[in-house]
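Everything on this sheet refers to the single structure shown next.
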Amino acid sequence: MSSPKLRITHTHDDNTNDTFIIQDDGYYNIHYAMSFQDATATPSAHIVMRVIKNDVEIPGTLLEEDSSKQYADFTVSNGPIVYLVTGDEIKFQFTSDDTDVSLTSHRTYGVHHDTSVIKIIKISN
């Protein structure tokens with residue numbers, strides 16, 4: 076098995092870790108999933124997640140969810156296919172209108188408890 080060909084720049088261990096920089100023109104499947112929960116006793120938060128390209132929202136990437144049960148884990152995911160060019164900067168944004176909402180994990184099994192998963196896969200030129 077060969078090593079994956081990354082061709083995407085991402086520094087994961089400093090304060091620039093929010094940006095993925097594309098190295099090759101082409102069509103990409105950008106898959107992202109985020110798990111969250113609301114700690115409010117009577118939750119009614121509005122949660123939004125989206126993908127930003129060069130500081131502009133990519134059409135079709137904005138997902139909205141409303142919380143309705145205290146401490147219930149919700150997972151929202153999307154996988155749009157978009158054309159990107161060399162140097163495009165991709166960022167992922169999660170926001171809520173309630174400070175009691177946070178990214179979370181089920182933490183049931185394993186040692187790595189993901190709160191969000193991001194896959195950027197080039198599918199064609």
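Be aware that the sequence shown starts at 76, since it is given in our numbering, and climbs by one per residue.
Glycine included, each C-beta is placed from N, C-alpha and C at the ideal position.
Check: Inter-residue Cα distance where the pair is Leu196 and Phe149; Outcome: Per the sequence shown, residue 196 should be read as Ile rather than Leu. If you take the alpha carbons of Ile196 and Phe149, they lie about 25 Å apart.
Check: Glu139 to Val123 span [Cα, whole Å]; Outcome: 5 Å
Check: Pick from Val192, Leu178 and Ala108 that is closest to Tyr146, judged by C-alpha positions; Outcome: Leu178
Check: Cβ-based neighbour list, Ala116, same chain, cut-off 7 Å, excluding 5 preceding and 5 following; Outcome: Gln145
Check: Inter-residue Cα distance where the pair is Ser119 and Lys194; Outcome: 30 Å
Check: Straight-line Cα distance separating Ser142 from Tyr158; Outcome: 33 Å
Check: Neighbour-count burial assignment, Gln168, 16 or more Cβ in a 10 Å radius; Outcome: exposed
Check: Beta-carbon gap between Ser191 and Tyr107 smaller than 8 Å; Outcome: yes
Check: When Asp93, Asn92 and Gly101 are compared against Arg82, the one with the closest alpha-carbon; Outcome: Gly101
Check: Thr136 to Ile127 span [Cα, whole Å]; Outcome: 8 Å
Check: Neighbourhood of Asn104 by C-beta distance below 7 Å, restricted to the same chain and skipping five residues each side; Outcome: Gly154, Ile156, Ile196 and Ile198
Check: Whole-Å CB distance - His121 paired with Asp172, under 8 Å assumed; Outcome: 5 Å
Check: Coil, strand or helix - Gln112 by DSSP; Outcome: strand
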